[in-house]
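See structure below.
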Amino acid sequence: MACASVVRTGRETRRLRELRRLDRAGLEHDPALALLVKLASSCMATPIAMVSMVEADQQKPLLGHGCDLEAIPRELSFCSMAIEADADLFVVPDAAIDPRFRDNPLVSHPLGVRFYAAAVLQGPSGGRLGTLCVLDHRAPHQPSDRQLQQLRWLADLVTLALERHEQHLLCPVTGLPTLGQLLRVGRKEWQSALNAERPLALLLLDLNNFRAINRCCGHEQGDRFLQEVAGAIASHCRPEDFVAHVQADRFALLLPLANADEGLELARTFQQMLATLDLGVAPPGYRMLPVAGLALNHVDDEGFDALVHRSEQALELARLQGNGAIVELRDGIPSMAAAHSAGHW
Numbered sequence: 000m001a002c003a004s005v006v007r008t009g010r011e012t013r014r015l016r017e018l019r020r021l022d023r024a025g026l027e028h029d030p031a032l033a034l035l036v037k038l039a040s041s042c043m044a045t046p047i048a049m050v051s052m053v054e055a056d057q058q059k060p061l062l063g064h065g066c067d068l069e070a071i072p073r074e075l076s077f078c079s080m081a082i083e084a085d086a087d088l089f090v091v092p093d094a095a096i097d098p099r100f101r102d103n104p105l106v107s108h109p110l111g112v113r114f115y116a117a118a119v120l121q122g123p124s125g126g127r128l129g130t131l132c133v134l135d136h137r138a139p140h141q142p143s144d145r146q147l148q149q150l151r152w153l154a155d156l157v158t159l160a161l162e163r164h165e166q167h168l169l170c171p172v173t174g175l176p177t178l179g180q181l182l183r184v185g186r187k188e189w190q191s192a193l194n195a196e197r198p199l200a201l202l203l204l205d206l207n208n209f210r211a212i213n214r215c216c217g218h219e220q221g222d223r224f225l226q227e228v229a230g231a232i233a234s235h236c237r238p239e240d241f242v243a244h245v246q247a248d249r250f251a252l253l254l255p256l257a258n259a260d261e262g263l264e265l266a267r268t269f270q271q272m273l274a275t276l277d278l279g280v281a282p283p284g285y286r287m288l289p290v291a292g293l294a295l296n297h298v299d300d301e302g303f304d305a306l307v308h309r310s311e312q313a314l315e316l317a318r319l320q321g322n323g324a325i326v327e328l329r330d331g332i333p334s335m336a337a338a339h340s341a342g343h344w
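Residue numbers (numbering that gives the first Met the number 0): 0 to 344.
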């Protein structure tokens, strides 16, 4: 039987994080993806084709042709073995005689799988998220090199379609995810942190005097200013962090933490980086000293919205202290506040 157990390695943890953050809403109705799946079935001469994502405990079909879209336990999943292999293509000519699969219940019953082939779908960060796969219950296959190349090309088009879907959800000015994406990803990350009993922080960064830059220099210059700031923040994020542009002058970062004290260290790092950022589009004499509100998840939180509310409270307390202040809230009480000299023109 394939995939009797899946070891949660660092690579697997990163892969699952990237999969959690993929916005799959509405993709099951995407006509371009549906056409690519049908083309895969035609090119490989199989009655069944599907796009599937491999989650922690199951293979979950996104859309398919010639099959019911039912989740499959990961220990029975062909696609799980496909993403764990080193190759981009995974082919099982005859599952009935393959020692990896012949005892799998999906193979051993009278209408079991005989032929399977998959091309791995990789996310922007390199995670092997799922597959474009084809199956035949009737007979084994020996696909040609040309057929397998066509399957690989179709999988590349599926990947492009997924990326295009994500691009439509980004801020047109900064190219970062927006508030809606932060809330969607945040709820998943909050649940993951709860399950793993690990800390999660939400950091809000408010840029000082951004509206004054718009008034003084115009909106075009203001957009370039935001682009420089967004690029700087994104480039300083760790792979596990998630950054979003949530308001005109506000950025938010989801920060999975190794320990509760790490959040304040990261907040100071981002604030100091922005304070020393060489902004070519800023007016002469301008110094960026953003205020920062930091909140950590808490055992009494009922959901991610509680963390959002607490981070907004922390930000308001920081704004009261003035430019350059950081306030951290862990359980509703400010546990750390630091005020610095205000920025000036």
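By construction, the Cβ of each residue, glycine as well, lies at the ideal position given by its N, Cα and C atoms.
Bear in mind the structure is a predicted one, so any value in this text is a computation, not a measurement.
Span of the beta strand (DSSP E) holding residue i?
{"i": "Ser-51", "result": "47-53"}
{"i": "His-64", "result": "57-64"}
{"i": "Leu-328", "result": "325-328"}
{"i": "Arg-14", "result": "No beta strand (DSSP E) holds Arg-14; the alpha helix (DSSP H) holding it covers 9-20."}
{"i": "Val-290", "result": "290-295"}
Per DSSP, which residues does residue i bridge with? Please list them.
{"i": "Thr-130", "result": "Ser-51 and Val-119"}
{"i": "Asp-135", "result": "Phe-114"}
{"i": "Gln-146", "result": "According to DSSP, which records beta bridges pairwise, Gln-146 is partnered with nothing at all."}
{"i": "Arg-249", "result": "Asp-205 and Gln-246"}
{"i": "Leu-254", "result": "Ala-200"}
{"i": "Ile-71", "result": "Gln-58"}
{"i": "Phe-241", "result": "Leu-253"}
{"i": "Leu-356", "result": "Shown here, the chain extends from 0 to 344; a query on residue 356 therefore has no answer."}
Under DSSP, the alpha helix (DSSP H) around residue i begins and ends at which residues?
{"i": "His-218", "result": "218-234"}
{"i": "Pro-92", "result": "Counting along the chain, Pro-92 falls outside any alpha helix (DSSP H), and DSSP gives it neither H nor E."}
{"i": "Leu-104", "result": "As written in the sequence, residue 104 is Pro, which differs from the Leu given in the question. 104-107 is the extent of the alpha helix (DSSP H) around Pro-104."}
{"i": "Pro-30", "result": "30-43"}
{"i": "Ala-266", "result": "261-274"}
{"i": "Met-80", "result": "77-83"}
{"i": "Ser-310", "result": "303-320"}
Output needed for residue i: all residues of its chain with C-beta closer than 6 Å, excluding positions within five of it in sequence on either side, in chain order.
{"i": "Pro-60", "result": "Met-49, Ser-51 and Leu-68"}
{"i": "Arg-358", "result": "No answer is possible for residue 358: it lies beyond the span of the chain, which begins at 0 and ends at 344."}
{"i": "Ser-4", "result": "Its pLDDT being 44, under 50, Ser-4 is placed unreliably by the model, and nothing is read from it."}
{"i": "Cys-236", "result": "Val-242"}
{"i": "Ala-70", "result": "Gln-57 and Lys-59"}
{"i": "Arg-186", "result": "Phe-303"}
{"i": "Arg-318", "result": "Val-290"}
{"i": "Gly-350", "result": "Since the first residue of the chain shown is 0 and the last is 344, residue 350 is not available in this structure."}
{"i": "Asp-330", "result": "His-297"}
{"i": "Ala-31", "result": "Ala-160"}
{"i": "Leu-110", "result": "His-136"}
{"i": "Val-172", "result": "Asp-222 and Leu-225"}
{"i": "Gly-122", "result": "Glu-17 and Leu-128"}
Considering only residues of the same chain and omitting the five flanking positions on each side of residue i, which have a CB-CB separation below 8 Å?
{"i": "Leu-153", "result": "Leu-35, Leu-38, Ala-39, Cys-42, Ala-118 and Leu-131"}
{"i": "Thr-177", "result": "Leu-168, Leu-169, Cys-170, Ala-243, His-244 and Val-245"}
{"i": "Glu-424", "result": "Beyond the ends of the chain as shown, which are 0 and 344, falls residue 424; an answer cannot be given."}
{"i": "Thr-8", "result": "none"}
{"i": "Leu-221", "result": "The identity of residue 221 in the sequence shown is Gly, whereas the question assumes Leu. Excluding residues within five positions, the ones whose Cβ falls inside 8 Å are Phe-209, Ile-212 and Asn-213."}
{"i": "Leu-181", "result": "Phe-241, Ala-243, Val-245, Ala-251 and Leu-253"}
{"i": "Leu-88", "result": "Ala-116, Ala-117, Ala-118, Val-119, Leu-147, Leu-150 and Arg-151"}
{"i": "Asp-248", "result": "Asp-205, Leu-206, Phe-209 and Arg-210"}
{"i": "Ala-1", "result": "With a pLDDT of only 45 at Ala-1, under the threshold of 50, the placement of this residue in the model should not be trusted, and no figure is reported."}
{"i": "Glu-227", "result": "Leu-276, Leu-278, Gly-279 and Val-280"}
{"i": "Ser-124", "result": "Arg-13, Glu-17 and Pro-238"}
Spatial neighbours of residue i within its chain, please: CB distance less than 7 Å, with the 5 preceding and 5 following residues excluded, ordered by chain position.
{"i": "Gly-230", "result": "none"}
{"i": "Glu-239", "result": "Arg-16 and Pro-255"}
{"i": "Arg-183", "result": "Asp-22"}
{"i": "Ala-33", "result": "Leu-62"}
{"i": "Cys-66", "result": "Ile-47 and Met-49"}
{"i": "Arg-13", "result": "Gly-126 and Pro-238"}
{"i": "Pro-104", "result": "Leu-75"}
{"i": "Gln-271", "result": "none"}
{"i": "Arg-113", "result": "Asp-93, Ala-94, Ala-95, Asp-135, His-136, Arg-137, Ala-138 and Pro-139"}
Are any of the Cβ atoms in chain D nearer than 9 Å to that of residue i?
{"i": "Leu-203", "result": "As a matter of chain content, chain D is missing from the structure shown, which is built from one protein chain."}
Exercise for the section: Give a yes or no on contact between the stretch 130-147 and the stretch 203-212, applying the rule of three or more CB pairs nearer than 8 Å. Expected result: Using a Cβ-Cβ distance cut-off of 8 Å, the stretch 130-147 and the stretch 203-212 are not in contact, since fewer than three pairs of beta carbons, one from each stretch, lie closer than that value.
Problem - Continuous alpha helix (DSSP H) assignments of at least 4 residues falling wholly in the stretch 156-202 - result: 178-195
Handout entry: Meets three-Cβ-pair contact criterion under 8 Å: the stretch 253-261 and the stretch 184-202
Key = yes
Problem - At least three beta-carbon pairs within less than 8 Å, the stretch 75-83 to the stretch 147-165 - result: no
Practice task
Check whether the stretch 90-99 touches the stretch 11-24, counting contact only when three or more Cβ pairs, one atom from each stretch, lie closer than 8 Å.
Solution key: no
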